[in-house]
Amino acid sequence: MAAKTKRAFAGRQMLGRAVKDSFLKLSPRAQIQNPVMFLVFVSAILTTLLWAVSLFGVRDADASSGYILAIAAVLWLTSLFANFAEAISEGRGKAQAAALRASRKDVDAHKIPSPQEKEHFTAVASALLKKGDLVVVRAGEQIPGDGDVIDGAASVDESTITGESAPVIREAGGDRSAVTGGTTVLSDWIVVRVTSEAGESFLDKMIAMVEGAARKKTPNEIALQIFLVALSIIFILVTVSLYTFSVFSAKQAGITNPTSVTTLVALLVCLAPTTIGALLSAIGIAGMSRLNEANVLAMSGRAIEAAGDVDILMLDKTGTITLGNRQACAFLPVDGVSERELADAAQLSSLADETPEGRSVVILAKEKFGLRERQLSGSQVRFLPFSAKTRMSGVDYAGSEIRKGAAEAVFDYVRASGGSCPQQCDTIVRSIASQGGTPLVVAKDRRVLGVIHLKDIVKQGVKEKFADLRKMGIKTIMITGDNPMTAAAIAAEAGVDDFLAEATPEGKLQRIRELQAKGHMVAMTGDGTNDAPALAQADVAVAMNTGTQAAKEAGNMVDLDSSPTKLIDIVRIGKQLLMTRGSLTTFSIANDVAKYFAIIPALFVGLYPGLSALNIMGLHSPQSAVLSAIIYNALIIVALIPLALKGVKYREVSSGRLLSRNLLIYGLDGLIAPFVCIKLIDLLLVFFGLA
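The sequence shown lines up with residues 1 to 691 when you count with the UniProt record's numbering.
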């Protein structure tokens with residue numbers, strides 16, 4: 001209950017701040033950033049001036065002061081509603097930024113001259129650290145700035161960045177050496193080389209991005225805005241032409257021109273693409289906010305948009321397509337040995353093996369034959385840990401020697417004492433390798449018992465996800481260091497379209513360049529320094545937060561959860577952004593067509609009474625028709641704000657089907673909604689005596 005009350009209070013705070021920002025954004029400097037809404041802003045000022053002038057008896061055709069005031073008020077509301085749409089979408093980012101800013105503290109850093117002189121430190125403020133400085137951070141201390149661990153290993157609390165309470169290990173060397181300023185060391189110590197200047201840390205960039213301060217308009221957004229501006233200019237010319245035409249017609253008929261400037265301004269605002277113009281910025285900010293909620297930081301809006309256009313996904317096998325740890329899936333005995341005897345020996349040889357593979361052997365023997373772990377201790381037991389030199393592990397127990405390891409290593413071990421290796425065993429080993437698995441041979445007392453089949457387990461549901469991506473025209477490529485035979489077997493099981501085996505940094509980079517040269521948009525993930533060249537080349541490059549600083553700097557997105565599968569979610573969010581923008585643009589243009597038929601007949605019925613036949617909606621009067629249309633034009637912006645923030649529901653269909661669906665749903669709704677709503681507003685105006 002307390003959590004619910006807190007969320008409701010935060011929601012009210014955000015709403016109140018958005019209302020306040022809506023008025024602050026009424027400044028000309030803010031309005032001119034959105035040319036379409038700047039047109040509404042200028043129209044509101046013009047009609048306000050016309051109303052003020054009308055109070056002194058200067059008439060705008062046959063428009064009354066009350067009518068002009070109503071039009072001016074609705075135009076100001078239209079501007080405020082557009083500002084509110086942008087402010088409410090920015091509000092979520094500002095709330096995230098406030099939380100991040102609260103976690104950032106200026107702490108004392110223990111600066112040292114070299115890793116060997118950890119005890120000879122100088123306390124300096126973290127804001128004074130420069131790129132390349134060395135600091136030592138011990139348990140309970142906050143890491144003063146972004147950097148790479150060059151000495152030591154420690155457990156680090158990164159919950160301020162990722163939201164995950166579970167600590168992570170950061171250590172020198174490898175691909176888990178990057179640390180972020182503002183996180184806290186929980187145990188041990190590390191020496192960190194600072195990699196960013198003050199004010200340019202990862203946390204600073206994250207605050208700027210989620211707050212929207214660093215957001216730049218994307219190429220597609222700019223192109224759409226140019227199109228909307230062009231439409232608005234056309235409608236300005238049309239409106240001016242209609243006014244001159246009405247003046248000419250009135251003179252020819254020998255009557256006073258009944259078409260007021262106020263009505264023509266209202267017509268201009270109704271015909272201009274104000275609906276999508278008002279929501280365009282909110283759609284982009286909301287898309288970035290959805291990405292932030294998925295714990296992904298985009299370095300630019302261009303990256304999110306590119307994710308929506310991606311048609312090639314390059315995915316690491318380990319951790320993305322497979323679980324990441326090979327697991328025992330079968331015991332394959334040879335030479336008359338029973339499967340239970342092989343499982344018993346395999347389990348005994350794995351009791352001291354704490355690797356995921358070793359534990360899976362123990363579990364498989366327990367599940368298949370009910371063999372329980374035995375607590376082996378005493379001088380009669382000697383465990384042999386795995387070593388790269390022998391490529392075997394095992395146990396000497398009760399006078400027996402049990403060995404488990406790579407096929408060649410165990411064969412050499414057996415032959416060294418005069419034993420022989422069954423041909424059947426060699427055949428099984430080759431068969432497992434051809435299927436993409438890893439064979440482990442088990443021998444007892446210099447006799448081969450059989451083979452353990454270790455398998456890269458493909459994640460559940462991955463094949464279906466790839467099938468959905470294929471429907472959308474997205475090709476998947478698996479990247480692996482395995483040999484081509486193993487890679488082909490896993491690729492077939494996972495359902496990917498292609499694979500890159502024995503992948504090297506140069507090979508990845510070359511493959512991306514080849515695909516881009518053919519016009520493809522390529523996305524990939526990476527976490528190591530060796531991934532940096534390929535990440536820098538890819539159109540959408542998702543670096544893992546646990547990865548090296550070089551990888552994070554090369555990518556245009558950072559996954560704070562360091563989940564390689566997040567790339568699929570990022571593509572979904574990018575496509576949802578494009579779908580939302582396209583759907584609301586379709587709705588907006590269809591709206592303009594419908595409003596045209598509502599206003600034009602009413603506008604010129606005074607000059608050409610025969611146009612009353614086109615008043616198919618049966619609106620009460622020309623002024624009520626215009627007022628109803630302009631009110632609907634303002635209210636539809638508010639009605640569509642939730643859709644702009646949430647986004648159109650993502651569907652994994654082809655672009656052709658998506659276009660047809662958008663035209664059917666949003667195009668048809670955009671045509672029908674104005675007729676229904678404008679008529680309803682007209683009836684309400686008449687009922688309350690306002691028309």
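In this text, a Cβ means the ideal position worked out from N, Cα and C, and glycines have one as well.
When DSSP reads this structure, W189 sits in a beta bridge with R138 and A153. DSSP, reduced to helix, strand and coil, places L449 within a strand of the structure shown. I678 has its alpha-carbon roughly 10 Å from the corresponding atom of L684. Each of I631, L690 and R657 was checked against the Cα of F675, and the nearest Cα belongs to I631. Here DSSP, grouped into helix, strand and coil, assigns F466 to helix. Membership of D316 in the beta strand (DSSP E) is indicated by the continuous run I312 to D316. When C-alpha distances from V310 are compared across Q576, K20, A443 and Q549, the shortest belongs to Q576.
In the displayed model, M14 falls within a helix according to three-state DSSP.
Here the region 345–363 makes no contact with the region 298–318; the two share fewer than three CB pairs at distances below 8 Å. Beta-bridge pairing by DSSP links H110 to A123.
According to the DSSP assignment, V296 belongs to the beta strand (DSSP E) that extends over V296 to A298.
The closest CA to that of A594, considering only G610, I616 and A644, is found on I616.
In this structure R176 is buried. Its beta-carbon is surrounded by 16 or more other beta-carbon atoms within 10 angstroms. Under the Cβ criterion (8 Å, minimum of three pairs), the region 167–187 does not count as touching the region 267–277.
In the three-state reduction of the DSSP assignment, E553 falls in the helix class, which pools H, G and I. It is roughly 11 Å from the alpha-carbon of A52 to the alpha-carbon of G66. Partner residues in the beta bridge of E401, as assigned by DSSP, are D396. Within the same chain, V648 come within 6 Å of M579 by CB-CB distance, once the 5 residues on both sides are set aside. DSSP, read as helix, strand or coil, puts D148 in strand.
For K475, the enclosing beta strand (DSSP E) starts and ends at K475 to I479.
DSSP places R382 in the uninterrupted beta strand (DSSP E) bounded by V381 to L384.
Comparing alpha-carbon positions, the option among F587, F56, G145 and R572 lying closest to D468 turns out to be R572.
Looking at the backbone, the Cα of M299 and that of I363 are separated by about 44 Å. For V558, the secondary structure class from DSSP, reduced to helix, strand or coil, is strand. In this structure, L690 keeps its C-beta atom at 8 Å or more from the C-beta atom of L640. Judged by their CB atoms, L75 and S43 are nearer to each other than the 8 Å cut-off. Taking a contact as a CB-CB distance under 8 Å, the pair V185 and V156 counts as one, their CB atoms being some 6 Å apart. Of the candidates A85, D539, L297 and F84, the residue whose Cα lies closest to the Cα of V558 is L297. Taking all protein chains shown into account, S660 has fewer than 16 neighbouring C-beta atoms within 10 Å of its C-beta and is therefore exposed.
V58 is classed as exposed because its beta carbon has fewer than 16 other beta carbons within 10 Å across all chains shown. The three-state reading of DSSP puts Q347 in helix, counting H, G and I together.
Using a Cβ distance threshold of 8 Å, G277 and M288 do not count as a contacting pair.
S126 is a Cβ neighbour of A109, given a cutoff of 8 Å. Between the region 435–454 and the region 322–342 there are three or more C-beta pairs closer than 8 Å, enough to call the two in contact. Pairing D497 with T529 gives a Cβ-Cβ distance that is not under 8 Å. Bridge partners of E171 according to DSSP: A153.
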